[in-house]
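Okay, structure first, notes after.
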Amino acid sequence: WKETDDFFSTKGAKRLIYIDSQKGHKDYLESTKTLKSLIDGYPNVEYVKYLYGEAMNLRAEHLRSNDVLQEAVKVLQEVANDENALQDVRNKAAELAADRLRFLGKRGGALKMGRLLVDSNPTRNFKHLKDVGVTCLIIGNNVEAERYFRRAVEQDPTDGFSLVHLGFSLKMQDKYEECLAPFEAGVKSLEPGTEESKFRYHWGDALMRLGRKPEADEMFEEAAKAGIFLSKFQRSTYNIDRLTGRPYWKKSELDKTLQIYWTRLEKKWEMMRDEAQALMDENLNFPNFEKEAEGLQKEGDWRQFTLWQQGRKQEKECKLTPKTCALIQDMKEATGCRRGQIKFSVMKEGTVVWPHTGPTNCRLRLHLGLRVPEDFTNLALTVADQEQHWENGKAFVFDDSFEHSVQHNGNSYRLILILDFWHPEMNDHEKRTVTAI
Ligand code: LMR
Ligand code: MN
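At position 356 of the sequence shown the residue is numbered 1031 (this note's numbering), and the sequence of numbers has no breaks.
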């Protein structure tokens, strides 16, 4: 240390860390200690403080200690937020803090550091601009994401990554018309990342919602040829490619176990109808049911009451429909399906659901009609291009990784049971190990 008593300079403290590491102190104990004592003596030496944070970070890596890492992050955040520090020092601190916070899974904190970086450096930091934009999208802040990706596109109008993300942030705000051009330009750039299926999915979704389905279909077809979707209609994200995909499954195409479920459910449909309808109030509303919240409805009222979710029984709900849950309890292919749900679904007349696909091809979906209006041909589910009507006490099975939509022009509400179960070609290992959805 003596030889570098100018500890205000980069070199001084850097060298200290270097000497420390040369001595075999891989955990940078000496340097962190010395730097700490320097900071305590000279509280305004922001650069040394930054180096202390850096050394602590190295030490945390070596010790694999989250506590030490949190201490490092705390110091770095202080420097980043310190208005007396030089801009360069603040940037360095913010950069490292953002990276470490992301590593710790602390998105909110990482976002704050990222904002600091890009807002104080209007022209620099193209990469950070994109990082911050992506974090905004992850936490659902689409308006802010749009702002950052617009800035990125201003800096480089040909950057495919920024273009598809700009398109995505616009689409998430229902700006269907506006998102088309950035999606198209981004996808056509063929840059890495732009082939991710969600960009095509939402681009096509915007086209469909604008009434331009033929264009969407054409694009989906091309994307399927390029291997981005399983097929033009099958556009799920989390897939096992070898699984057979077809819009509807006949009873005879399923295993014995599933056929038994099917029969048992159809036999007991009135019991389930009565239990679900007991939850209805005098205005034909279902106050315990949750509104569909993914923005899939064009018009109407669609609510669900969930009994199993990702393989977990919903105890509170099952207390209200105990006989239904007791009946289903042993149907392990369904109750253990961590990529699905079991639920009642109620849809009022006049409801229209946009064409959409589920997230995965690892499940199949059974619908059992519980209370279908007499004019049942006025309401239909369309899977791929095939229509299907609900009927009281009758089940059918479809694959919701295929595009599907609903038109309910009947004269009163429709109530059904939905039961997802593992795709029959999944093996036990896959059922145990795929991530829950
Ligand atoms: C869907 O799964 O999207 C719908 O078909 C559900 C429903 O209640 O019809
Ligand atoms: Mn659906």
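Heads up, the beta-carbon is just placed ideally off N, CA and C, and yes, glycines get one too.
Consult DSSP for residue i and reduce its assignment to one of helix, strand or coil.
i: K1112; result: A small correction: the amino acid at residue 1112 is Ile; Lys does not occupy that position in the sequence shown. In the structure shown, I1112 sits in coil (DSSP, three-state: anything other than H, G, I, E or B).
i: F895; result: helix
i: S911; result: coil
i: P997; result: helix
i: T1057; result: strand
i: K926; result: helix
i: M1022; result: strand
i: R987; result: strand
i: V1028; result: strand
i: E1062; result: strand
i: Q1004; result: coil
i: E1049; result: coil
i: S712; result: helix
i: E746; result: helix
i: S906; result: coil
i: E950; result: helix
i: V720; result: coil
i: K943; result: coil
i: N1102; result: coil
i: R1107; result: helix
i: R734; result: helix
i: W676; result: At W676, the pLDDT of 34 sits below 50, so the modelled position is not reliable; the number obtained from the coordinates is stated separately. Correct three-state label for W676: coil.
Can you find the residues in the same chain that come closer than 8 Å, C-beta to C-beta, to residue i, ignoring five residues on each side of it along the sequence?
i: Y936; result: M1006, E1008, A1009, L1041, L1094, F1096
i: S872; result: A898, I903, F904, R910, T912
i: N1086; result: E1024, P1048, E1049, D1050, N1053
i: C811; result: L786, N817, E819, A820, Y823, S844
i: D916; result: L905
Identify the residues that DSSP records as bridge partners of residue i: which are they?
i: R1115; result: The structure shown does not extend to residue 1115, since the chain is modelled only from 676 through 1112, so no value can be given for it.
i: G1044; result: N1067, I1091
i: E965; result: Q979
i: I1017; result: W983, L1094
i: Q934; result: Paired residues: none, contrary to the question.
i: Q752; result: None; Q752 has no bridge partner.
i: S1080; result: T1057
i: A821; result: Residue identity differs from the one stated: residue 821 is Glu in this sequence, not Ala. Answer is none; E821 lacks a bridge partner.
i: E974; result: V1027
Rounded to whole angstroms, how far is the Cβ of residue i from the Cβ of residue j, which I believe are closer than 8 Å?
i: R1089; j: R1046; result: 7 Å
i: N1036; j: G920; result: 6 Å
i: E1024; j: H1083; result: 6 Å
i: S844; j: A820; result: 4 Å
i: Y823; j: L792; result: 11 Å between Cβ atoms; not a contact.
i: V764; j: E721; result: 6 Å
i: L1183; j: L751; result: Nothing about residue 1183 can be reported from this structure: the residues present for the chain run from 676 to 1112 only.
i: Q952; j: E967; result: Not quite, the Cβ-Cβ distance comes to about 20 Å (not below 8 Å), so this is no contact.
i: I1112; j: Q985; result: 7 Å
i: G970; j: M1022; result: Not a contact, Cβ separation roughly 16 Å.
i: A1001; j: F908; result: That pair is no contact at about 37 Å.
i: A747; j: N732; result: 4 Å
Which same chain residues, not among the five before or five after residue i, have their C-beta less than 7 Å away from its C-beta?
i: R790; result: V807
i: K677; result: Since pLDDT at K677 reaches only 37, below the 50 mark, its modelled position is unreliable, and the value read off the structure follows with that caveat. Once the five neighbours on either side are set aside, K677 has no close Cβ partner at all.
i: Q1061; result: P922, Y923
i: Y851; result: A881, R884, L885
i: A769; result: A755, M788, L791, L792
i: H877; result: F843, K846
Within its chain, find whatever has a CB closer than 6 Å to the CB of residue i; leave out the 5 residues flanking it on each side and keep chain order.
i: G835; result: G861, S864, E866, T869
i: V1081; result: V1028, L1056
i: G1044; result: W1065, E1066, N1067, K1069, I1091
i: N817; result: S844, M847, Q848
i: K973; result: V1027, W1029
i: M946; result: K998
Check the Cβ-Cβ distances between residue i and every residue of chain B, and say whether any is below 9 Å.
i: I915; result: In summary, chain B is missing from the structure at hand, where a single protein chain is found.
Closer than 8 Å to a non-hydrogen atom of ligand 4 - does that hold for the CB of residue i?
i: L971; result: Ligand 4 is absent from the structure shown, which contains only ligand 1 and ligand 2.
Problem set entry | 3 or more residues per run - each beta strand (DSSP E) lying fully within the region 760–811 | none
Exercise. Where are the alpha helix (DSSP H) runs, 4 residues long or more, that stay fully inside the region 829–892, in chain order?
Worked result: 835–846, 851–863, 872–884
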